[in-house]
Amino acid sequence: MALLIETGLSNWISDDEIARSLQAVLPDADIRTAETLGNPDDITMLAVVDMQRDHPTRLPNLKLVQKLGAGVETIVSHPGLPGHVRIARLKPDAPAQGIAEWFLAYILRAQRHMAFHEAAQTRAEWSPRAPVFTPDTVVGVLGLGHIGARTARMLHAVGFQVMGWSRTPKAIEGVTCMHGQDALPALLGQCDHICAILPSTPQTAGLFDARMLAAMKPGSQLLNAGRGNLIDEVALIAALDAGVPGHAVLDVTSREPLPQDSPLWRHPGVTITPHVSGWHLGDALSDVAENFQRLCSGAPLLHEVNRDQGY
């Protein structure tokens with residue numbers, strides 16, 4: 001049994017770095033990269049960010065796809081992945097912390113009018129503008145799983161009024177939690193900032209359509225570090241032009257990298273970051289190593305995905 005590291009990315013942690021880290025934890029394990037692949041029939045576990053179309057045919061004895069992250073929709077929907085191949089994702093602390101910090105940073109940037117003051121500096125203008133008072137600010141967090149709950153707790157600790165929304169009931173101390181599709185429009189209308197950290201499922205794809213965007217508070221800010229297909233980007237541009245919401249901060253988009261001709265790049269109401277909110281894996285590779293050992297021994301996997309639910 002062998003583990004293949006093939007992230008498919010050239011601008012992140014290299015496959016060799018990941019392989020070396022895993023080998024340090026599992027010195028006797030057979031860990032390979034594309035450069036040391038050898039016989040592909042040996043590969044039983046594949047660690048990826050995104051699967052290639054030909055992975056299932058190239059790796060005929062594959063038993064487990066380990067996502068090096070949280071979102072698994074492209075793996076679950078892979079047209080060639082046999083039904084017997086299991087899927088696992090990561091729930092590491094480091095990227096959850098990083099994504100929560102990303103939300104907080106861009107909320108504080110808006111609260112403190114940083115863009116306004118930066119523009120005033122270029123004109124050598126001394127133009128005081130009062131910051132928005134944090135205790136008077138309502139922030140909504142959509143998705144209260146591992147990352148969303150971490151985000152909600154961080155925002156509550158800073159002093160924001162925090163509302164949370166999820167598909168099923170959740171309870172987080174200090175957070176007003178709501179659930180179910182019918183509750184979402186009312187929550188959106190109360191929030192000054194909306195933090196979206198939902199998975200991609202048939203129920204969430206295109207969730208922010210024209211109707212849902214219109215339910216947001218005028219002038220509010222929509223921040224998305226969940227999945228790019230949560231937002232209808234054509235509808236978003238029209239909504240921003242109407243001032244509802246007033247601004248969008250997007251770490252994920254429907255196509256990545258975002259094409260140069262996308263109007264999102266140039267819209268004054270949009271801030272783009274290139275999928276960097278949850279950059280660091282921290283100690284998450286220990287879970288990858290653990291899952292390889294569990295696969296070899298037949299033990300239950302960590303964070304196995306329900307392929308029917310999509311997460």
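Per my numbering, the sequence shown starts with residue 1, numbered consecutively. Every residue gets a Cβ at the ideal spot worked out from N, C-alpha and C, and that includes glycine.
Check this for me: beta carbons of residue i and residue j, under 8 Å apart or not?
i: Met212; j: Gly189; result: no
i: Val305; j: Arg89; result: yes
i: Cys191; j: Val270; result: no
i: Val141; j: Ala152; result: yes
i: Ala318; j: Arg109; result: Within the shown structure, residues of the chain are numbered from 1 to 311, placing residue 318 beyond reach of any answer.
i: Ala94; j: Leu281; result: yes
i: Leu198; j: Gly219; result: no
i: Gly246; j: Glu73; result: no
i: His179; j: Trp165; result: yes
i: Val162; j: Arg307; result: no
i: Asp283; j: Pro27; result: no
i: Ala196; j: Leu236; result: no
i: His193; j: Ile107; result: yes
i: Ala29; j: Glu6; result: no
i: Val25; j: Ala289; result: yes
i: Glu233; j: Ser200; result: no
i: Leu104; j: Val175; result: no
i: Gln97; j: Arg150; result: yes
i: Thr36; j: Asn61; result: no
i: Pro274; j: Pro300; result: no
i: Ala210; j: Ala238; result: yes
i: Gly228; j: Val244; result: no
Can you give the beta carbon distance from residue i to residue j, rounded, assuming they're within the 8 Å contact cut?
i: Leu285; j: Ser21; result: 5 Å
i: Leu64; j: Arg86; result: 5 Å
i: Pro40; j: Pro82; result: That belief does not hold up - the Cβ atoms of Pro40 and Pro82 are roughly 15 Å apart, past 8 Å.
i: Leu46; j: Gln23; result: Not confirmed; about 17 Å, so no contact.
i: Asp42; j: Ala2; result: 4 Å
i: Leu322; j: Ile172; result: Because the chain in this structure spans residues 1 to 311, residue 322 falls outside the shown range and cannot be described.
i: Leu264; j: Leu250; result: 7 Å
i: Ala70; j: Ile18; result: Their Cβ separation, rounded to whole angstroms, is 17 Å, which puts Ala70 and Ile18 out of contact at 8 Å.
Where does residue i fall in DSSP's three states?
i: Ser21; result: helix
i: Arg167; result: coil
i: Thr122; result: helix
i: Leu295; result: helix
i: Gly310; result: coil
i: Ile99; result: helix
i: Ile107; result: helix
i: Pro135; result: helix
i: Ala94; result: helix
In the DSSP output, what is residue i paired with across the bridge?
i: His117; result: For His117, which the question treats as bridged, DSSP gives no partner whatsoever.
i: Arg86; result: Leu64
i: Glu304; result: Ala88
i: Leu4; result: Arg32, Leu46
Cβ of residue i versus every heavy atom of the ligand PLP: is any distance shorter than 7 Å?
i: Ala94; result: As presented, the structure is devoid of all ligands, the ligand PLP included, so that no description of it is given.
Within 8 Å (strictly less), CB to CB, does residue i reach chain B?
i: Gly164; result: Considering every chain present, this structure includes no chain B. It has just one protein chain.
Every unbroken beta strand (DSSP E) inside the region 212 to 289 [3 residues or more] | 221 to 224, 247 to 250, 270 to 272
Complete runs of the beta strand (DSSP E) confined to the region 26 to 80 [at least 3 residues] | 31 to 33, 43 to 48, 64 to 67
Secondary structure, alpha helix (DSSP H): runs of 4+ residues fully inside the region 138 to 209 = 146 to 158, 184 to 190
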